[in-house]
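Chemist:
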Amino acid sequence: MSIKLNMFTISVLAAGVSASSLAAAQAGANDEPVKRSNRLIEEVVVTAQKREENAQDVPIAITAFSGEKLDAFGIESAQDLERITPGLTVTNAVGFNVAYLRGVGTDAFLPGADPSVPFYLDGVALLGAQGSSDTLGKVERVEVLKGPQGTLFGRNATGGAVNIITPAPSDEFFGSMKLEVGDYGEQNGLIFLNLPIVDGLAASVSLFSTEHDNYYTNDVGPIIDVYSRGGRAKIRWDISDTLALTLSGSVSEGSGNSGLAFENTRTAPVLGAAFPQDPKADRHVRFDSLAGATSESYLVSFIVDWQLPGVDIKMIGSDQEVDAPFVQADFDKSELPIINIRSIVQLAEQKTLELQFLSNEDSFLSENMEWVAGIYYLSSSGGFDPIAFDVAPNALTTLPIPLADSLTGVLGGLLNVVGLPNVSEGVRLLSGGVLDSESYSVYAQSTFFLSESMDLTFGLRYQEEERNLLKSRLATVDGDGDEILLRSDDVPTLTSHQLSPKIAFQWRPFDDETQIYASWGRAFKSPTYNTVNLLDAPESVEEEQVESYELGIKTDLLDGNLRLNAALFYIEQQNLLTGFVALASGGVVSYDNAGDSEISGAEADFVWTPMPNWNPGLAMFGAVSFLDSEYTSYPDGRGYDEDTGLAYGEGGTFPLPARDFSGNRIVRTPELTYTFGINQNIPVGDGAIELGIDTYYNDGFYFLPQNSDLYARESYNLYNARLSYFYNPWGLQLTVFGENVLDEVYNEVVFVDDFGRNQVLNSPRVVGARVNWDF
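Per the working numbering, the sequence shown starts with residue 15, numbered consecutively.
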C-alpha cells in the first residue's frame with residue numbers, strides 16, 4: 015500500500031475547492047459579520063459513557079478539546095496532547111507510542127504488550143501502540159478519559175482512554191482547508207469536504223499531510239525522511255427517521271526516526287576507549303546504516319444506529335491493519351558495523367464487533383434511571399515474522415571483555431548446535447513471534463436518579479480472552495541464504511477471565527452548575543508473551559490489575575465566567591508490566607511483572623474570563639497535575655550498572671544480581687506538570703485579532719525503574735505563541751506562530767542498552783505561518 019499524497023496534492027485540491035466556492039464566499043461578504051467569541055470558551059459534548067453528554071455532567075475526570083481548540087494550540091498528533099493535558103505523558107520508543115496517564119502505563123512497547131491508555135477513533139479501538147502514532151487529521155473533538163475505564167471500554171484501559179471523534183457527514187455543503195509552513199522545511203496541509211449527495215445521503219472526505227526536514231544529521235550515512243499523510247472518508251445514509259448507516263475508511267502512511275535515531279552520549283564504561291564516544295547532544299549521529307521506520311495502515315468500519323421505542327441500538331464493526339515495511343536500527347549507535355536490527359515482516363491486524371443497547375426517554379422507568387449494555391468481540395494478531403539481527407564479521411572482537419566474551423559465547427553456542435562457522439565470521443539471526451488474541455466480553459452500566467440532586471451508578475464488565483504465541487522461533491542463515499532453525503518454541507495458551515466493576519456517586523448540592531462525584535473502579539490487562547525472544551524461550555507475564563479511588567468536583571462559578579474542575583485520586587497496581595532492553599539479558603527485549611505500585615495524585619483545570627463586561631475577549635486557562643508514585647514491591651529489578659554499563663538481574667549472562675527497586679518512582683511519571691495560557695480576542699471591523707501565549711512545564715521523570723539520574727528526562731518548560739487575524743465574512747484565518755519559542759532542549763527519549771546511554775532530543779524551535787479557511 016502506498017499513498018501518493020503530499021503538499022502539492024493538497025494544494026491542487028484546495029485550488030479546485032477555491033474555484034467552486036469563491037462565489038459563495040463573496041456572497042457571504044455582504045452578510046452580517048459573525049461576532050467571534052474566544053475559542054477557549056466552549057461546551058464540549060462527549061461520549062465517555064457511550065451516550066452524548068456535556069463533559070461537565072459526567073462523573074469522570076475528562077479533558078476534552080474541540081477541533082477548533084486543538085487547531086488553536088497547534089495540536090496535530092497524539093504526542094502533542096501531553097502539552098495541554100497535565101498528567102499525560104506520550105513518548106516514542108522505536109516506532110511505538112508509549113502513553114502514561116496519572117502514572118499508569120507500560121514501557122513494554124512491542125506487539126502483544128497492550129497499551130494502558132488505548133486510543134479510539136469514532137468508537138473503534140486502534141491497534142495498540144502502533145495505531146496511536148498517526149497524525150490526528152480533521153477531528154471534531156478529542157476526549158482524554160482519566161482513570162480506569164474497564165467497564166465500558168474494556169481490555170487494557172487501566173490508565174484511561176483517548177477518544178478521537180471525526181466529523182459526521184451532514185446534509186449541507188461545507189468544508190475547510192489548512193496550509194502551514196515553518197522552519198526546517200515544515201509543510202502541513204489539510205482539506206475537509208462535507209458533500210450532500212441526495213436527501214438522506216451525505217459523505218465527507220479528509221486529506222492530510224505533514225512533513226519537515228529531519229532534525230538529525232547522520233555524519234557518515236543517510237538519514238530517513240520525516241512525513242505523515244493519509245485520508246479518511248465517511249458515508250452516512252439515513253435509511254429512515256430511526257435507522258442510519260455510516261461507513262468509514264481511512265488510510266495513512268508515515269516515515270521518521272520514530273525513536274530510532276539515538277545519539278550515544280554516554281558509552282557503557284566497560285567499552286572504554288575502544289569504542290567511539292560522542293558526549294555532546296547536538297542532533298548529530300554516526301550510523302553505518304539507515305535508522306528509522308515507515309508504517310502503513312488502513313481502517314474500515316461501520317456504525318448502525320437504530321432508534322426503537324424503549325431502546326436505542328448501535329452496532330460498530332471494524333477491520334484494521336498496520337504494516338511496518340521498514341524498521342531498522344543501528345543497535346550499537348556507531349559508525350562501526352557491529353550489530354544492526356531490521357524488521358523483515360512486522361504486521362498487526364485487528365477485527366472488532368460491538369453491539370450496544372442504550373436506554374432512551376421511552377424506556378421503562380426512564381424517569382428514574384438510564385442504562386447502557388453491550389457485547390464486544392475482538393480478534394487480533396501482531397508480531398514479527400521475523401526480525402533480523404545482523405552481526406558483522408569480527409564485530410564482537412572490537413568490544414572489550416566481558417561484553418564481547420558474553421555475546422560471543424552465547425551466539426557461538428547457538429551456531430555450534432548446527433555446525434555453522436564461528437560467530438567471528440558474521441551471522442544473521444532471525445527471531446519471530448506472532449501473538450494471536452481473541453476476546454469476548456459483556457458489560458452493563460446503570461445510573462439511578464436517587465433524587466433531583468443525587469445519582470448512583472453501577473457498572474460491570476465480564477471478559478474472557480485467549481492468547482496464543484505462534485511462529486516463535488530462532489533461526490540463522492547459512493552461506494547459501496537458506497534458513498536454518500535453531501529453536502522452535504511451543505508455549506501454552508494463555509486464558510484469562512476478568513471482572514471490571516465500577517461504582518460512582520454524583521451530588522449536585524446547589525444547582526446543575528456544580529457536581530461533586532466519588533468513584534471506584536477496577537480494570538485489567540490480560541497476561542501476554544513477548545514476541546521477540548532471541549536467546550531464551552518466551553515466558554509469559556501475569557495479568558495486571560489496577561484499582562482506583564477518586565473524589566472530584568466540576569463547577570461553573572461567577573455567572574459561568576469561571577469553570578473549575580478538580581480531583582483527588584489514589585491508584586493501586588498489581589503485577590505492573592515493564593520492559594527491559596539488553597542483548598546480554600536473554601534477548602533484545604524482555605518483559606517482567608514489577609510487583610506492586612501506588613499512586614496518589616491531585617489535579618485541577620480552569621477556564622476563566624476575568625473581565626466579561628470590560629474585556630469579554632480575554633480568557634485564561636490552566637491545568638496542573640501532582641503525582642506521588644512508588645513501586646511498593648519490586649524486589650528483583652533489572653537495570654544497568656552505572657559504573658560498568660553492564661546489565662544486571664535475572665536472565666543476564668553476567669553474574670550481577672538483581673536489585674530491589676521498591677520505593678523508587680514509577681517510570682515516565684513526573685511529579686508536577688502544568689500548563690497555563692492567555693488568549694486575547696479583539697474585534698476589528700468584520701473580523702478579529704487573536705493573541706495567544708501558553709506554557710507547559712514538566713519537572714522530569716526516570717526512564718528506568720532503577721531511578722538513575724543518568725537515565726532521566728530533566729525538568730523543562732515550553733513556551734508557545736500565536737497571532738491570528740480572522741476575516742469572518744470569508745471564514746478566513748491567518749496565523750503566525752512559534753512553538754518552543756525559547757528553544758528549550760531536553761531528552762525526548764532516553765534508551766539504554768548494552769552499548770550505553772542513548773537519547774533523542776525534542777523538537778527545536780519552529781516559527782511558521784498558517785492559513786485556515788472555512789467555507
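We treat Cβ as the ideally placed atom computed from N, Cα and C, and that holds for glycine. Note that the structure is predicted; figures quoted are calculated from it, not measured.
Is the beta carbon of ILE178 closer than 9 angstroms to that of LYS192?
Modeler: For the purposes of this step, residue 192 is taken as residue 178 along the sequence shown, with counting starting at 1. For the purposes of this step, residue 178 is taken as residue 164 along the sequence shown, with counting starting at 1. The answer is no: Cβ separation not under 9 angstroms.
Chemist: Just to confirm the assignment, what range does the beta strand (DSSP E) spanning ASP788 have?
Modeler: Within the sequence shown, numbered from 1, the residue matching residue 788 stands at position 774. Start and end: 780-788.
Chemist: Reducing DSSP to helix, strand and coil, say where TYR711 ends up.
Modeler: For the purposes of this step, residue 711 is taken as the residue at position 697 of the sequence shown. Note: TYR711 maps to strand in three-state DSSP.
Chemist: State the beta-bridge partners of ILE353 as determined by DSSP.
Modeler: Translated into the one-based positions of the sequence shown, residue 353 becomes position 339. BP columns for ILE353 point to VAL405.
Chemist: Helix, strand or coil: how does DSSP classify ARG280 here?
Modeler: Reading the sequence shown from its first residue, position 266 is the one you call residue 280. Three-state DSSP puts ARG280 in a strand.
Chemist: Once you ignore the five residues that flank THR507 on each side, which residues in its own chain have a CB closer than 8 angstroms to its CB?
Modeler: One-based indexing of the sequence shown puts residue 507 at position 493. Excluding residues within five positions, the ones whose Cβ falls inside 8 angstroms are GLU480, ARG481, ASN482.
Chemist: Closest to GLY161 by C-alpha separation, out of ALA182, LEU207, VAL153, GLY101, would be which residue?
Modeler: For this step, residue 161 is matched to residue 147 along the sequence shown. Selected option, being the one with the closest Cα: GLY101.
Chemist: How is TRP521 classed by DSSP in three states: helix, strand or coil?
Modeler: As a first step, residue 521 is located in the sequence shown; it is residue number 507 there, counting from the start. In the structure shown, TRP521 sits in a strand (DSSP, three-state: E or B).
Chemist: For GLN559 and GLY609, I'd like the C-alpha separation in whole angstroms.
Modeler: In the sequence shown, the residue the question calls residue 559 occupies position 545. In the sequence shown, the residue the question calls residue 609 occupies position 595. Roughly 11 angstroms separates the two Cα atoms.
Chemist: Check this for me: beta carbons of ALA580 and ARG501, under 9 angstroms apart or not?
Modeler: As a first step, residue 580 must be located in the sequence shown, where it is residue number 566. As a first step, residue 501 must be located in the sequence shown, where it is residue number 487. No, the Cβ-Cβ distance between ALA580 and ARG501 is not below 9 angstroms.
Chemist: Give the straight-line distance between the Cα atoms of ALA78 and GLU553, rounded to the nearest whole angstrom.
Modeler: Locating residue 78 in the sequence shown gives position 64, counting from the first residue. Locating residue 553 in the sequence shown gives position 539, counting from the first residue. Computed Cα separation, rounded: 40 angstroms.
Chemist: Go ahead and pull the three-state DSSP assignment for GLU90.
Modeler: In the sequence shown, residue 90 corresponds to position 76, counting from 1. Looking at GLU90 - three-state DSSP - the assignment turns out to be coil, as it is neither helix nor strand.
Chemist: Within the continuous beta strand (DSSP E) that includes LEU632, where are the two ends?
Modeler: In the sequence shown, residue 632 corresponds to position 618, counting from 1. Element bounds for LEU632: 632-647.
Chemist: Excluding five sequence neighbours on each side, which residues of the same chain lie with their C-beta closer than 6 angstroms to the C-beta of ASP404?
Modeler: For the purposes of this step, residue 404 is identified with residue 390 of the sequence shown, where counting begins at 1. Excluding sequence neighbours, ASP404 sits near ASN354, ARG442.
Chemist: Given ASN786, which residues of its chain have a CB within under 6 angstroms of its CB, disregarding the five upstream and five downstream residues?
Modeler: Looking up residue 786 in the sequence shown gives position 772. LYS192, GLN747.
Chemist: Can you give me the Cβ contacts of PRO283 inside the same chain, cut-off strictly under 7 angstroms, excluding the 5 residues immediately before and after it?
Modeler: Taking the first residue of the sequence shown as 1, we reach residue 283 at position 269. Cβ neighbours of PRO283 beyond the five flanking positions: ASP657, THR658, GLY659.
Chemist: Roughly how far, in whole angstroms, is the beta-carbon of ILE567 from the beta-carbon of GLY117, given that I think they are within contact range, below 8 angstroms?
Modeler: Taking the sequence shown and counting its residues from 1, the one referred to as residue 567 is at position 553. Taking the sequence shown and counting its residues from 1, the one referred to as residue 117 is at position 103. About 21 angstroms separates the two Cβ atoms, so there is no contact after all.
Chemist: Using beta-carbon positions only, say whether ALA175 and TYR134 come within less than 9 angstroms of one another.
Modeler: One-based indexing of the sequence shown puts residue 175 at position 161. One-based indexing of the sequence shown puts residue 134 at position 120. Going by C-beta atoms, ALA175 is nearer than 9 angstroms to TYR134.
Chemist: If we count the other Cβ atoms within 10 Å of its Cβ and call it buried at 16 or more, is ASP723 buried or exposed?
Modeler: Residue numbering aside, residue 723 sits at position 709 when the sequence shown is read from its first letter. Exposed, since its Cβ has fewer than 16 Cβ neighbours within 10 Å.
Chemist: Do you know offhand how far ASP619's Cα is from ARG250's?
Modeler: Locating residue 619 in the sequence shown gives position 605, where the first residue counts as 1. Locating residue 250 in the sequence shown gives position 236, where the first residue counts as 1. Going by the C-alpha atoms only, they are around 36 angstroms apart.
Chemist: Go to LEU166, then tell me how far its beta strand (DSSP E) extends in each direction, as first and last residue.
Modeler: The count along the sequence shown starts at 1 and reaches residue 166 at position 152. Element bounds for LEU166: not the beta strand (DSSP E) but the alpha helix (DSSP H), 164-167.
Chemist: Hey, VAL602 and LEU548 are a contact pair by Cβ (cut 8 angstroms); roughly how many whole angstroms apart?
Modeler: The sequence position of residue 602 within the sequence shown is 588, counting from 1. The sequence position of residue 548 within the sequence shown is 534, counting from 1. That pair is a contact at about 6 angstroms.
Chemist: How should GLU617 be labelled, buried or exposed, when 16 other C-beta atoms within 10 angstroms of its C-beta is the threshold for buried?
Modeler: Numbered from 1 along the sequence shown, position 603 holds the residue referred to as residue 617. Label assigned to GLU617: buried.
Chemist: Report all residues from its chain with a CB closer than 6 angstroms to the CB of ASN575; omit the five preceding and five following residues, and keep chain order.
Modeler: Start at 1 with the first residue of the sequence shown, and residue 575 comes out as number 561. Contacts found: THR623, PRO626.
Chemist: For the ligand ADP, I want to know if GLN364 counts as a neighbour, meaning its beta carbon is within less than 8 angstroms of at least one of the ligand's heavy atoms.
Modeler: As presented, the structure is devoid of all ligands, the ligand ADP included, so that no description of it is given.
Chemist: Taking its Cβ as the centre, do 16 or more other Cβ atoms sit within 10 Å of VAL112, making it buried, or is it exposed?
Modeler: Against the sequence shown, residue 112 aligns to sequence position 98. By the neighbour-count rule (16 or more Cβ atoms within 10 Å), VAL112 is buried.
Chemist: Quick check: the region 626-642 against the region 151-169, are there 3 or more CB pairs under 8 angstroms?
Modeler: no
Chemist: Quick check: the Cα distance between PRO697 and ILE707, rounded to an integer number of angstroms?
Modeler: Mapped onto the sequence shown, residue 697 falls at position 683. Mapped onto the sequence shown, residue 707 falls at position 693. Computed Cα separation, rounded: 18 angstroms.
Chemist: Take the Cβ of GLU381 as the centre, count every other Cβ of all protein chains shown within 10 Å, and call the residue buried at 16 or more, exposed below.
Modeler: Mapped onto the sequence shown, residue 381 falls at position 367. With fewer than 16 other Cβ atoms within 10 Å, it is exposed.
Chemist: Cutting at 7 angstroms between CB atoms, please list the residues of its own chain near PRO323, excluding the five before and the five after it.
Modeler: If you number the sequence shown from 1, residue 323 lands on position 309. Excluding sequence neighbours, PRO323 sits near ASP376.
Chemist: Under three-state DSSP, which class holds GLY615?
Modeler: Translated into the one-based positions of the sequence shown, residue 615 becomes position 601. GLY615: strand per DSSP, three-state reduction.
Chemist: So, are the CB atoms of ARG243 and SER220 less than 9 angstroms apart?
Modeler: For the purposes of this step, residue 243 is identified with residue 229 of the sequence shown, where counting begins at 1. For the purposes of this step, residue 220 is identified with residue 206 of the sequence shown, where counting begins at 1. Contact: no.
Chemist: Using 8 angstroms as the cut-off, can you tell me whether the region 489-500 makes contact with the region 525-534, which would need three or more C-beta pairs spanning the two stretches below that distance?
Modeler: no
Chemist: Assign ASN9 to one of two classes, buried (16 or more other C-beta atoms within 10 Å of its C-beta) or exposed (fewer than that).
Modeler: Any property of residue 9 remains undetermined from this structure, which presents the chain solely from 15 to 789.
Chemist: Classify ILE211 as buried or exposed, calling it buried when 16 or more other Cβ atoms lie within 10 Å of its own Cβ.
Modeler: As a position in the sequence shown, residue 211 is number 197, starting the count at 1. ILE211 comes out exposed.
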